[in-house]
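Report on the following structure.
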Amino acid sequence: MLVDSDVHVGYETLLDLCDYLDAPTRELVEHSGTNGLGMPTYPWYHPTGWLRRDTYDVETTAVGAQLPGQDLDRIREKLLDAYDVTYAILTPDEAAAFAVLPNAQLAARLCSGYNNWLLERYLEEEPRARGLLVVTPQHPEAAAEEIRRLGHRDEFVGVFLPGGARVPYGSPVHDPLWRACAELGLPVAVHTHFEGVGIAGPVTAAGYPDHYVEYHTLCGAGMYGHFVSILCHGVFERYPGTRVIMMEGGLVPFMGLLWRLDTNWRACRSEIPYCRRPPSEYVWEHVRFTTQPLEEPADDRLLLPAIEGLRPWDTLCYASDYPHWDFDEPAQTLRRLPASWRDAVSHANAMSFYRLPTPVAA
Amino acid sequence: MTASRPREARIPLAQAPPPGAVRIVEVGMRRVAVFCVDGRFHALADRCPHRGAPLCSRGQVVTGIEVRDGELATGPANALVRCPWHKWDFEIATGRCAVDARLRVRRYAVEVDDDQLVVSLSTPR
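Chain order of the listed sequences is A and B.
One point on numbering: in numbering that gives the first Met the number 0, the residue at position 52 of the first sequence is 51, and numbering is uninterrupted.
One point on numbering: in numbering that gives the first Met the number 0, the residue at position 116 of the second sequence is 115, and numbering is uninterrupted.
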């Protein structure tokens, strides 16, 4: 069995969502700007291409198009069938930018349209696919409303939040979102996306990176901010059933963060009384991590000692990041881990985290 | 022949530390800190088991902050001593480290004898 926890899907342009939007939003999508509404996006361009070149039609993709869509047939051919994937967790591409759009009301309506589109085009069509709801952290009440609108559907197994944000996700301003997730038993996936874009804070406090390669090396920084915020604000105490998965933030940095946070908690816990235990203790119970991009030290023997403190046999879930350029092929990824971890990482941890049903043999 | 080191020290009860304060006494070669928590006296070694700091003589007696029934609240008054170096808290009554269950400050016996407080190097009952 194989569960791929990070498979990106997207539309070609926002116009593709028109049939799934309410009329006023459709009007804005069609008539804003010069030729329709655009989303805030990265100021860096990947110098050699955002996507695996065999995952889109090079000939028909419009000049300047950045993230060609992934229709279901292509995902079946290139991923689900090719690797015998049991379940794929579908994550957004450009739609992640709704969360960093200044106009929060518009963003909420776009989220609803995208979630409707995802449900009809992918999730209702492909039993191996499960979705994450795209919502508006910049408008937590609207996010909660969207979670309650669709979160009861079996096709949706969680809520997606990008690393780029205006306020760290542990802050009490996000409580409506956490409360709705707790009510529905849905986990939250925090995935690096759109740091330094739209209303999101800067990638780091060092100032704006000049190059894509700098951004992509640093992009986990936003996730680390959310990770620490969620732990320090006691989200897992206030909403005890909450589960969080950190996607595409790497693994090694989280180990160092946890060591440092546990040490700081000992001196500073009077400031954060809702965090009653050493923060790492909440992580083992409530937080999971995805493999991709699994760090690649020059001497691969250095990898396991650097990550074993994260208890990967309990916390690590395989992810490919298909169709992005840094795709991690499943067999190659799993081969780098001890045999005793592989069942857990390839599927068991994710099955449990997302509460996926055991597939019935054909 | 050398005289054996004293195993106890006595201080007038009138000079015993009030709640929130500490009184350091020398017993033999050891520095022992006396505290009063909720009307009871306790004695701890003046040495932090984490990194050896002068825990009690240079630390602070504090009241913990906790969450009770979902609301912020204060814990038992003046029940903790906070290390001056890394700010780890220890329960005065038990010596237990509040942030690392593996650590405990050494405790000593202390009792009231008429108008005197008797601090001894024996293990508290």
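Ideal Cβ positions, reconstructed from N, Cα and C, are used throughout, including at glycine.
Residues near residue i by beta carbon distance below 8 Å, same chain, minus five either side
i               : result
S31 of chain A  : G37
A78 of chain B  : V36, D37, T62, G63, E90, I91, A92
L89 of chain A  : V6, H7, V8, L117, Y121, L122, A128, R129, G130, L131
L50 of chain A  : L66, P67, P322, H323, W324
R124 of chain B : A108
R6 of chain B   : V26, G27, S119, L120, S121
S345 of chain A : M0, L1, V2, Y317, P329, L333
P337 of chain A : L303
Beta-carbon neighbours of residue i, restricted to chain B and to distances below 9 Å
i               : result
R275 of chain A : E65, V66
P311 of chain A : Those do not exist, as P311 of chain A stays about 25 Å from chain B at its closest Cβ, beyond 9 Å.
P272 of chain A : G63, I64, E65, V66, L71, A72
Residue i - partner residues in DSSP beta bridges
i               : result
V117 of chain B : B:R9, B:E110
H7 of chain A   : A:T90
H190 of chain A : A:P161, A:M246
A32 of chain B  : B:I23, B:L43
I64 of chain B  : B:T73
E90 of chain B  : B:L79
R95 of chain B  : B:R103
R287 of chain A : A:I244
R129 of chain A : A:I88
C316 of chain A : A:T289
Where residue i falls: helix, strand or coil (DSSP)
i               : result
L122 of chain A : helix
E25 of chain B  : strand
H323 of chain A : strand
G150 of chain A : coil
A72 of chain B  : strand
A41 of chain B  : At residue 41 of chain B the sequence reads His, which differs from the Ala that was named. Here H41 of chain B sits in strand by DSSP.
G308 of chain A : helix
T216 of chain A : helix
Q59 of chain B  : strand
G224 of chain A : helix
E295 of chain A : coil
I229 of chain A : helix
G37 of chain A  : coil
L183 of chain A : helix
C274 of chain A : coil
V234 of chain A : helix
V202 of chain A : coil
V196 of chain A : coil
L362 of chain A : Here chain A covers residues 0 to 361 and nothing more, so residue 362 of chain A does not appear.
V172 of chain A : helix
Own chain residues within Cβ distance below 6 Å of residue i, not counting five before or after
i               : result
D320 of chain A : D5, Q291, F326
G233 of chain A : Y273, C274
A179 of chain A : A143, I146, R147
D88 of chain B  : L79, R81, A97
V217 of chain A : In the sequence as presented, Val is not what sits at residue 217 of chain A; that position holds Leu. V202, T203.
Own chain, CB closer than 7 Å to residue i, minus 5 neighbours either side, in chain order
i               : result
E110 of chain B : V117
P201 of chain A : G195, Y207
L27 of chain A  : L36, L105
L302 of chain A : E294, P296, R335
N115 of chain A : Y19
Neighbouring residues, chain B, relative to residue i (Cβ below 8 Å)
i               : result
S345 of chain A : Chain B residues near S345 of chain A: none, gap ~35 Å exceeds 8 Å.
Whole-Å CB distance - residue i paired with residue j, under 8 Å assumed
i               : j               : result
C267 of chain A : L230 of chain A : Not confirmed; about 12 Å, so no contact.
Residue i: contacting residues in chain A (beta-carbon distance under 8 Å)
i              : result
D99 of chain B : R265
Interface partners of residue i on chain B, CB under 7 Å
i               : result
R268 of chain A : V98
Under 9 Å by beta carbon: chain A residues contacting residue i
i              : result
H85 of chain B : T262, R265, A266
Beta carbon proximity, residue i to chain D, threshold 7 Å
i              : result
I23 of chain B : This model lacks chain D altogether, as its protein chains are A and B.
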